[in-house]
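Counting with the working numbering, you get residues 1366 to 2195 for the letters of the sequence shown. Single-structure report; data block below.
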Amino acid sequence: MNSRNLSLKQLSPRIHALLQSIRKRIRGSVLVEGAGWVLFWVAALFWISLVLDYAPVRFGYSELPVWARISWLIVTAVVVCYLMYRLVLRRIFVPLKDDSLALLIERRYEQFSDALVTTVNRCSVTPAERQEVPVDLAMLERTRIAAEALIDDVDPAQIISRRPSRTALIASVVAIASIIALTIASPSTMELASRRLYLLSEQLWPRQCEIELIGVVVKRESSVPGISEMEQTVVPRDGKLYIARGSSVSMIVKAKQGLLGQDDSRSKLPETCWLNFFRPNEGTRGSQPFKRIGSPKDGNQTYLLDGAPLENVILGLTFEVAGGDDRIGPFEIVVVDEPVVRSTDMALKYPEYIVDEESLRFTDRIKRWTGEARLPIGTKVSLQAKSESQLKKVYVRVDEGSLGEEELSGEPLDKPFEVLSVDGDRFEYALPALMQPTLVRFYLCDANDIVSEQPHEILLEPVKDEPPRIETRLHGIGTAVTPDVTLPITASVEDDYGIDRVWIELENGVNRLMEDQLELDQGKLDVAIDFRERRTESGEAYRLVAEGESQLSLVVAAQDFYNLDEKPNFGTGDRYELDIVSPDELLRILERLEVGQRRRLEQVYTELRDLKKYLRRTQPRDPIDGEFIEPGDAEPGDVELQENANEESLQQEREMKRLFAQRALLQIDKSKQEILGSANAFDDLRLQVINNRIVGTNREQRFETQVIAPLTTLADSTLTRLNDVTRVLEQQLEQLEAGRLLDQTTGQTQQLNASSRIQLEQIANQSSVDAIELADQAIDELNQVLSLLLKFETQNELLDIVRQMIAEQKAILERTREQRQKKAFEGLLD
């Protein structure tokens, strides 16, 4: 025990007891006052928390969020701890010295006259301090006795005021009582406040009304039955509503009377609701009122917002819905791109009959769909598509058959959808064998339940396997043939996927014959059917009889590999019906054809003479030449009019010359084509003589050497040179008319002067002379052919007369024979 404690024991027990009483009273007062104020502030902070959390609700705002309540709890704890420290802990543990307490007593009781302070101070010092300051012990004793005599008059309650403690207690009691009163008056309110403020519950305060966001309805031009996502209302997920970019939507909210109950007068529905929105991308804000829909029913009222800012939404926005004392949100409208197909591939498996493994033609393959697909009939198609976004499902509808405008325009049909489950951005749909036009519609639904407004349409058109296409030609055969004819048949046989077999069908009125399995050479058929040879090899089936109106029918037929139906495709060429005649009858037919070609050449001869006249008009006019005068030309003897011709009449004359040169060019080309056509016709007559085995007439050699060859030379040589010279003449006349000369080496033109004009006129005149000479040569060559044809025609007429005489002689002999037989039988009957 130290000296100080020993000194305290030296105090009088009565003085010591008084000081201890004062000390305890001070500490008790501090404890009561501090605790009271702490309790007051705890209650006050509760009320402040309650006001902060509930007051916004009364003005239509939301309660404090969890983070705010956590922050407030931390603030409350810090404040309470600080008050406990400041008002209780720091004060209650403050040392209370005896001399300080004695001084406190003497301030209240002045009659001690420092006796109590002196006694306490002297007893509190150490022995060393006493030695330093000597004190009279007798006097100290008298001071102690005087102090003790006054102790009975001291009332500790007068020294320590109870007002602070009482004030603190009253404040704390009032605060606690208010909480108790709230608990008694509204236990549910107290319970909800405790849950929200201290247990951090998400339960909301009861309101006069409650607002509920039903969702948004996307406006569509036409909804497709069977796609639920098109008909349902978009509801928020995690506070977000997903819509397609550019969509227009209508928002629906519902208000109902709050948890206070429908019978509570404080429960009421708002007159309207408000959409408070913010566009983050633009930094703009705004508000739009909802419209009431109908009247309240069962305490519920529906509101609708249709229009801005929900029209053609391009950028997203954040919004809240407020109505009455309730407010919900924030919500976010998230704008995403509508799901679309990026690319579509077609996995094709062609029908077996068109597959060629050697050339890899029509083997299995994948082709990109480019907007249209015409595929061989019977092809199996698997559509493989890739979208721009992640998909949830794909609705598929397949329409087959004859697709009219209504179907192709995308109008929905009353057919069920198939639903493809998709995980990712790819999906595949397999179709059966393509036998008729097929329209496949895909409606894409992404992970946000957004369905493509327009379907991804794929039209598959089967290409029907057409029968083989055959072009047949009988070269050197006319409409009539002899019994010993050789039929040269050429044909072009084509098919999309190959030819199985080719044959020729023949019918002579009695027998129906078929040349089977003919060989094709790169799609070409070239055969000759010799009926004389066939009769020798195959018998009477190939006999042709020239009697009455007997005919020979001929057609080339082909069959392809098509096997999807019961029968393959058959194709036939042109059917030829040929009359079977005797050699003499065929000769008469050929002679008539020969006469027709001669008359055709006579017309060409007349046209060549006109051609010569056209060329003569390109030369300078001879006043005494009256040939080929047209209306408007000057009379040959009108010298005065020619002498007074001005530049205008000269220009008109140049235009007329060029016009006649152009006429000549047209006539040359026409005559050339006519002559070549006639040469081909005579060549066909020559081949008919050969193929029908008409002997003894020497017609084929005569046609070839005396008609066909000269006509071919006339067309390919003489008329070709005439055409070239006339074309040069026409160019020269055009330059004279334009007054500009074309340089053939540089391609540039220069103005004609008097000398160059005269020189060019001389050149053009010489070209005209050369053209006229070639025209005369062509006329002479054609005249020689016509002379020979007239000679042949005379011979043919004489032969025809001889044939008639022979025929008449045969008829007379036949009648004579019949009369003789008749007379012989008449004698026997008698």
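Here a beta-carbon is modelled for each residue, glycine too, at the ideal position from N, C-alpha and C.
Among the candidates PRO1832, PRO1716, ASP1944 and THR1851, whose CA atom is the shortest distance from the CA of PRO1797?
Translated into the one-based positions of the sequence shown, residue 1797 becomes position 432. The residue with the shortest Cα to Cα distance from PRO1797 is PRO1716.
Is it buried or exposed, THR1744, if we count other Cβ atoms within 10 angstroms and call 16 or more buried?
Locating residue 1744 in the sequence shown gives position 379, counting from the first residue. Flag for THR1744 reads buried.
Starting from PHE2068, follow the beta strand (DSSP E) in both directions and report where the run begins and ends.
Within the sequence shown, the letter at position 703 stands for residue 2068. PHE2068 -> not in any beta strand (DSSP E); alpha helix (DSSP H) instead, spanning 2064 to 2068.
I need the straight-line Cα distance from GLY1591 to GLY1659, nearest angstrom please.
Taking the first residue of the sequence shown as position 1, residue 1591 is located at position 226. Taking the first residue of the sequence shown as position 1, residue 1659 is located at position 294. Distance between the alpha carbons of GLY1591 and GLY1659 is about 29 Å.
Pick out whichever of ALA2143, GLN2100, ASN2148 and LYS1584 has its Cα sitting closest to the Cα of ILE2128.
One-based indexing of the sequence shown puts residue 2128 at position 763. Taking each of ALA2143, GLN2100, ASN2148 and LYS1584 in turn and checking the Cα distance to ILE2128, the smallest one comes out for GLN2100.
Indicate whether the contact test is met: 3 or more Cβ pairs, each with one atom in the region 1604 to 1620 and one in the region 1718 to 1729, closer than 8 Å.
no
Kindly indicate the opening and closing residues of the beta strand (DSSP E) around THR1803.
Counting from 1 along the sequence shown, the entry for residue 1803 is found at position 438. THR1803: member of the beta strand (DSSP E) spanning 1803 to 1811, first to last residue.
Tell me, to the nearest whole angstrom, how far the beta carbon of ASN2057 is from that of LEU1976; I am working on the premise that it is less than 8 Å.
Here residue 2057 refers to the residue found at position 692 when the sequence shown is read from its first residue. Here residue 1976 refers to the residue found at position 611 when the sequence shown is read from its first residue. Contact between ASN2057 and LEU1976 fails: their C-beta atoms lie close to 38 Å from each other, not under 8 Å.
How should LYS1732 be labelled, buried or exposed, when 16 other C-beta atoms within 10 angstroms of its C-beta is the threshold for buried?
Walking along the sequence shown from the start, residue 1732 turns up at place 367. Taking all protein chains in view, the Cβ of LYS1732 is surrounded by fewer than 16 other Cβ atoms within 10 Å, so the residue is classified as exposed.
Find out if the Cβ-Cβ distance for the pair THR1844, ASP1949 is shorter than 8 Å.
The residue given as residue 1844 occupies position 479 in the sequence shown. The residue given as residue 1949 occupies position 584 in the sequence shown. Contact flag unset, no.
Please state whether the Cβ-Cβ distance between ASP1861 and GLU1826 is less than 8 Å.
Locating residue 1861 in the sequence shown gives position 496, counting from the first residue. Locating residue 1826 in the sequence shown gives position 461, counting from the first residue. Taking 8 Å as the Cβ cut-off, ASP1861 and GLU1826 do not qualify as a contacting pair.
Helix, strand or coil for ASP2195, going by three-state DSSP, please let me know.
Position 830 of the sequence shown, counted from the first residue, corresponds to residue 2195. Interpretation of ASP2195 is limited by its pLDDT of 49, a score under 50 that renders its predicted location unreliable; the figure taken from the coordinates is listed afterwards. Note: ASP2195 maps to coil in three-state DSSP.
Compute the Euclidean distance between the alpha carbons of GLU1567 and TYR1419, then round it to the nearest angstrom.
To locate residue 1567, count along the sequence shown from 1; it is residue 202. To locate residue 1419, count along the sequence shown from 1; it is residue 54. For GLU1567 and TYR1419, the distance between alpha carbons rounds to 13 Å.
Tell me whether the beta-carbon of MET1616 lies closer than 8 Å to the beta-carbon of VAL1589.
As a working mapping, residue 1616 is identified with position 251 in the sequence shown. As a working mapping, residue 1589 is identified with position 224 in the sequence shown. No, they are not a contact pair.
Does GLU1956 pass the burial test, meaning 16 or more other C-beta atoms within 10 Å, or should it be called exposed?
Within the sequence shown, numbered from 1, the residue matching residue 1956 stands at position 591. GLU1956 is buried by the Cβ-count criterion.
Output the distance between the C-alpha atoms of GLU1771 and PRO1674, rounded to the nearest integer angstrom.
As a first step, residue 1771 is located in the sequence shown; it is residue number 406 there, counting from the start. As a first step, residue 1674 is located in the sequence shown; it is residue number 309 there, counting from the start. Caution applies to GLU1771, whose pLDDT of 44 falls short of 50 and renders its modelled position unreliable; the value that the coordinates give is listed next. Roughly 36 Å between the two C-alpha positions.
Would you kindly work out how many angstroms separate the C-alpha atoms of GLN2038 and GLU2138, rounded to a whole number?
Taking the sequence shown and counting its residues from 1, one reaches residue 2038 at position 673. Taking the sequence shown and counting its residues from 1, one reaches residue 2138 at position 773. Straight-line Cα distance between these residues: approximately 21 Å.
Just to confirm, are GLU1972 and LEU2079 a CB contact at a threshold of 8 Å?
Here the question's residue 1972 lines up with position 607 in the sequence shown. Here the question's residue 2079 lines up with position 714 in the sequence shown. No; because the gap between Cβ atoms is not below 8 Å, this pair is not in contact.
Taking 8 Å as the threshold (C-beta atoms), are ALA2143 and THR2077 in contact?
As a working mapping, residue 2077 is identified with position 712 in the sequence shown. As a working mapping, residue 2143 is identified with position 778 in the sequence shown. For THR2077 and ALA2143, no; Cβs fall outside 8 Å.
Within 8 Å of any Cβ in chain B, is that where the Cβ of ALA1558 sits?
No chain B is part of this structure, which consists of one protein chain only.
Can you tell me where the alpha helix (DSSP H) holding CYS1638 begins and where it ends?
Start at 1 with the first residue of the sequence shown, and residue 1638 comes out as number 273. CYS1638 -> no alpha helix (DSSP H), and no H or E assigned at all.
Expressed to the nearest angstrom, what Euclidean distance is found between the alpha-carbon atoms of VAL1969 and ILE1894?
Indexing the sequence shown from 1 puts residue 1969 at position 604. Indexing the sequence shown from 1 puts residue 1894 at position 529. About 38 Å.
Just to confirm, are GLY1681 and VAL1700 a CB contact at a threshold of 8 Å?
Walking along the sequence shown from the start, residue 1681 turns up at place 316. Walking along the sequence shown from the start, residue 1700 turns up at place 335. Yes.
Let me know the beta strand (DSSP E) ranges lying completely inside the region 1698 to 1738, each 3 residues or longer, listed in chain order.
1706 to 1714 and 1730 to 1733
In the DSSP output, what is PRO1853 paired with across the bridge?
As a working mapping, residue 1853 is identified with position 488 in the sequence shown. Bridge partners of PRO1853: ALA1893.
Quick check: the region 1855 to 1871 against the region 1833 to 1840, are there 3 or more CB pairs under 8 Å?
yes
For MET2021, name the three-state secondary structure that DSSP assigns.
Along the sequence shown, one-based indexing puts residue 2021 at 656. Three-state result, MET2021: helix.
Could you pull the DSSP bridge partners for ALA1795 from this structure?
Looking up residue 1795 in the sequence shown gives position 430. Answer is SER1747.
Taking TRP1437 as part of the alpha helix (DSSP H), name the residues at either end of that continuous run.
Here residue 1437 refers to the residue found at position 72 when the sequence shown is read from its first residue. Its alpha helix (DSSP H) spans residues 1431 to 1448.
Assign TYR1862 to one of three DSSP states: helix, strand, or coil.
By 1-based counting over the sequence shown, the position of residue 1862 is 497. Here TYR1862 sits in coil by DSSP.
According to DSSP, is GLU2005 helix, strand or coil?
Looking up residue 2005 in the sequence shown gives position 640. Residue placement at GLU2005 cannot be trusted, given a pLDDT of 48 that sits under 50; the coordinates are not used to answer.
How many angstroms separate the CA atom of LEU1438 from the CA atom of LEU1417?
Along the sequence shown, one-based indexing puts residue 1438 at 73. Along the sequence shown, one-based indexing puts residue 1417 at 52. In a straight line, the C-alpha of LEU1438 is about 12 Å away from that of LEU1417.
Do the region 1908 to 1924 and the region 1804 to 1823 make contact, defined as three or more Cβ pairs closer than 8 Å?
no
Could you round the C-beta distance between GLU1880 and ILE1869 to whole angstroms and report it? I think they count as a contact, below 8 Å.
Stepping through the sequence shown from its first residue, residue 1880 is reached at position 515. Stepping through the sequence shown from its first residue, residue 1869 is reached at position 504. So it is a contact: roughly 4 Å between Cβ atoms.
Taking the straight line between their C-alpha atoms, what separation do you get for LEU1565 and LEU1429?
The residue labelled residue 1565 in the question sits at position 200 within the sequence shown. The residue labelled residue 1429 in the question sits at position 64 within the sequence shown. Those two C-alpha atoms are separated by around 10 Å.
Is it buried or exposed, GLU2008, if we count other Cβ atoms within 10 angstroms and call 16 or more buried?
For the purposes of this step, residue 2008 is taken as the residue at position 643 of the sequence shown. For GLU2008, the pLDDT reaches just 47, beneath the cut-off of 50, and the residue's location in the model is therefore unreliable, although a value from the coordinates is still provided. Classification for GLU2008: exposed.
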